[in-house]
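Down below is the structure, laid out as structure tokens.
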Amino acid sequence: MFFEGETTYTLLIAVFCRYLEKQNVSYKKAASIEVIRTYGIAHKAKNRLRDEQQLTTKYRLIIKYN
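Using the working numbering, the first residue of the sequence shown is number 7, and each one after it goes up by one.
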């Protein structure tokens, strides 16, 4: 199943690879901040998907037993 976070994880890997290739210290600092930010976005997307799936399951149970 494809979810929104997978795209973000792919972006995270790409940014991290660019970070490793560069020797410029200021670029490394900016890239490391971007990696942290992207990682946070990926976790938000993953958590939102999990919450939506739990709600869907809860509603299915309510409908089934009513």
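Positions of the beta carbon are idealized from the N, C-alpha and C atoms, including for glycine.
Around the CB of T44, 16 or more other CB atoms lie within 10 Å, so the residue is classed as buried. Our two residues, T63 and K52, have alpha carbons roughly 17 Å apart in a direct line. Counting C-beta atoms within 10 angstroms of its own C-beta, A37 has 16 or more neighbours from the protein chains shown and is therefore classed as buried.
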